[in-house]
Amino acid sequence: MNRKKEEIKKLDRAIPPTLRSWEVPKGKQAEVMKPDVEVDCGWGKLIFAHTFKRVKKLAKTISNEKEGKRNLALYIRDPHVVIAEAPQDLFLDPSHTYRIWFDEYEKTRKKKEFTIRKARSLKDSREINRIYESRNMIKIKPSFLIKHKNSRTINFFVIEDIKKKDIIGAALGIDHKLAFNDPENGCSLWSLAVDPQASAPGVGEALVHSLIEYFMERGRDFLDLSVMHYNKPAIKLYEKLHFKRVPAFCVKHKSSVNEKLFSTPIIEKKIKKFNPYSKIIIEEARRRGIRVDPIDISHNYFSLSFGGNTIICKESLTDQTNAIAMSRCSDKRITNRILKKNDIKVPKQILARSKRIKSFLKRYDSFVAKPRKGEKGKGVLVDIKNSELKKAIELVSDYPGGGIVEEYIKGEDLSIVVIDFKAVAASVKKPPVIVGNGKLTIKELIEKQSRRRRAATGGESKIPIDTETKRCIHNAGKKMSDVLRKGVNITIRKSANLHTGGTMHDITDEINPALMKVAEKAAQILNIPVVGIDMIVPNIKSNKYVVIEANERPGLANHEPRPTAERFIDFLFPQSSGTLSKKKVI
């Protein structure tokens, strides 16, 4: 008998009309549900539309959205009718709803690399906001999280790397039974985000498993989630875990936060093609009502117009930077000379084809070889020993403008962004590291990590299997075909450049202020208002440094969650600051 009931239950689930959340509640179902339920989630309100009897009240509740927040209504039975109540204010969200019934869930062995727990402290809230900011999601006031840390209706979870003790992901779970006495006995998952700098795979999947098992222990029957229709990697993960698509619709309020979901498709398609360094500026400009006109998408040229002024941009490089300042920064040899002349500490340096190269090489044990003119870490060889120098010099000398060789200085790779001659953000760059699992070869591990870095950075970061990568693997006593033992780490490039697989970590609040002053002074010497100053420092608390490069087109997206794009637009259009909607307020 029980077996027959189970078969009928599974058959019912395959037929959409039997799904009840978006149907008119009948009989006792309507009686037991709390009416007109909305749950404050910190980023806005989650509105359970099927608990509302009056369409007008539902539309008004969705529209009553606080500035910088995001309301959304789920389980809407007649979305067209609700939108018709306020067509200028509401739109149908282009997302799919997925559900997993817990009797179909297959438990998995928990990964030893992670610890998953409820968020409880101010430190947890700061880390959650850091991750949300990096994913362009709305942040949550720390006081809100602390207030709800013991709540069973709202459940904030974090996932922590056991070895590094870093929080690398976060998610929110809502208990529907406690929220509105759900007759279906369900729950839902929201705001799942993984740190784009996390190198370990499976972080998002581990969070989903944990939330499912948490709610299973509390006697719930299913878990729902909403995912954008174009988020194919997430959909692939959910379907792998046996989530099924269900016909539930979501309606949102039109705001600057959601603009890209309801604005003209042609404009959005064009903007989507820009790289992350252009998009972060474009999004900030549009949020302030500044007109954006694409000029050459393939080369990231666009114009910004406001108050009768138009400025041409190529990412963070604009016509506010003069040609002399740009040429000083683009030529690393010139940068080194000018800064040295003005008492900024720089490494000893020489042209790769100089007649004095032999005497220079005798002074130091290790070197850096790089193109004289170049960007994105291309051709940079770090910690080169004498036996490798001949080949390194030949490689960098083939680049346009030739190559340079400088003394290798050990330390942390620091990048400081200066806008309008004021330092606004500082990050430490770290080289790519692979971790063995006892199954994959070194080459396979590199390719797998490269795919993760590419996905996390919009295609900007990837690990090339080139001369430098092969050299580092060789120096570690390994070959590309070797299977790396589980837990064994190898630094696969000495260069920490983001574009070649490195990661960036915000340390603006921790850095010695003297280093920020050095960056500002360097910008003034070079007479460039927007610049990235790269240094090598013993540690970020020290006042010792050497400036190794100045980047005339710093990647502002690399320094999130710092408001680099906001400061950039402030510099270009100071009069627009009054139009700024407070999208991301802690």
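Residues in the sequence shown are numbered consecutively from 18, following the numbering used here.
Every residue gets a Cβ at the ideal spot worked out from N, C-alpha and C, and that includes glycine.
Inspect the CB distances between the segment 510–526 and the segment 438–454 and report whether three or more fall short of 8 angstroms.
-> yes
Who are the near neighbours of R345 in its chain, counting only those whose CB is closer than 7 angstroms to its CB and skipping five residues on each side?
-> I351, T352, I355, L543
Where does the unbroken alpha helix (DSSP H) through I410 begin, and where does it stop?
-> 403–414
Close beta carbons around I171, own chain, < 6 angstroms, minus the five adjacent residues each side | H165
Proximity to W126 [Cα-Cα], best of S227, C204, A66, A76 = Going by the sequence as given, residue 126 is Arg instead of Trp. If we check each option's Cα against that of R126, S227 comes out closest.
With distances taken from CA atoms, which of K387, L109, I185, I179 is nearest N146?
-> I185
What residue from F384, A342, I328 has the CA that sits closest to P364's CA?
-> F384
Got a sec, what are the start and stop residues for the alpha helix (DSSP H) N568 sits in?
-> Taken as a continuous stretch (DSSP letters only), N568 belongs to no alpha helix (DSSP H), being part of the beta strand (DSSP E) at 563–568.
Could you give the distance in angstroms between the alpha-carbon of D106 and the alpha-carbon of N81?
-> 10 angstroms
Rounded separation between I64 and V99 - CA only = 13 angstroms
Does DSSP put S315 in a helix, a strand or coil?
-> helix
Exposure label - S498; buried when at least 16 CB within 10 Å | exposed
Buried or exposed: I25, going by 16 or more other Cβ atoms within 10 Å of its Cβ?
-> The predicted model places I25 with a pLDDT of 44, which falls under 50 and marks its position as unreliable; any figure quoted below should be read in that light. I25 is exposed by the Cβ-count criterion.
N146 in three-state terms, based on DSSP | helix
Every unbroken alpha helix (DSSP H) inside the segment 68–133 [4 residues or more] | 72–80, 96–102
Out of curiosity, what's the CA-to-CA distance linking A217 and F239?
-> 28 angstroms
Ignore the nearest five residues each way along the sequence and tell me which others in A136's own chain have a CB closer than 8 angstroms to its CB.
-> S142, I145, L162, K166, F173, F174, V175, A187
8 angstroms contact criterion, which V548 and V435 should meet: CB distance rounded = 5 angstroms
Below 8 angstroms CB to CB, which residues in the same chain sit around H259 once its five sequence neighbours on both sides are set aside?
-> I117, E121, Y122, E123
Going along the chain, which residues of its own chain have a beta-carbon closer than 7 angstroms to the beta-carbon of N403, five neighbours each way excluded?
-> L378
For G453, which of helix, strand or coil comes out of DSSP?
-> coil
Consult DSSP for Q366 and reduce its assignment to one of helix, strand or coil.
-> strand
Can you list, in chain order, the stretches of the alpha helix (DSSP H) that have 4 or more residues and sit fully within the segment 426–514?
-> 459–473, 484–492
R370 to G420 span [Cα, whole Å] = 8 angstroms
At what residue ranges does the segment 320–385 contain a whole run of the alpha helix (DSSP H), taking only runs of 4 or more?
-> 340–347, 349–358, 374–378
Let me know if V441 comes out buried or exposed under the rule of 16 or more other beta-carbons within 10 Å of its beta-carbon.
-> buried
If you compare alpha carbons, which of R303, I307, P293 is closest to H316?
-> P293
Return the CA-CA distance between D313 and G453, expressed in angstroms with no decimal places.
-> 42 angstroms
Measure the CB-CB distance between V268 and I93 and report whether it falls below 7 angstroms.
-> yes
Residues near L597 by beta carbon distance below 6 angstroms, same chain, minus five either side = Residue placement at L597 cannot be trusted, given a pLDDT of 45 that sits under 50; what the coordinates show is reported in the next sentence. Contacts found: R305.
Below 7 angstroms CB to CB, which residues in the same chain sit around L195 once its five sequence neighbours on both sides are set aside?
-> R169, T170
Sequence-distant residues of its chain with Cβ nearer than 8 angstroms to N556 (five each side left out) | G428, E429
Would you call the segment 229–246 and the segment 147–161 in contact, with 3 or more CB pairs under 8 angstroms?
-> no
For L139, does the count of other Cβ atoms within 10 angstroms reach 16, so buried, or fall short, so exposed?
-> exposed
Taking R470 as the reference, which of N575, F438, R373, G455 has the closest Cα?
-> N575
Using three-state DSSP, classify D220 as helix, strand or coil.
-> For the sequence presented, residue 220 should be read as Val rather than Asp. Three-state result, V220: helix.
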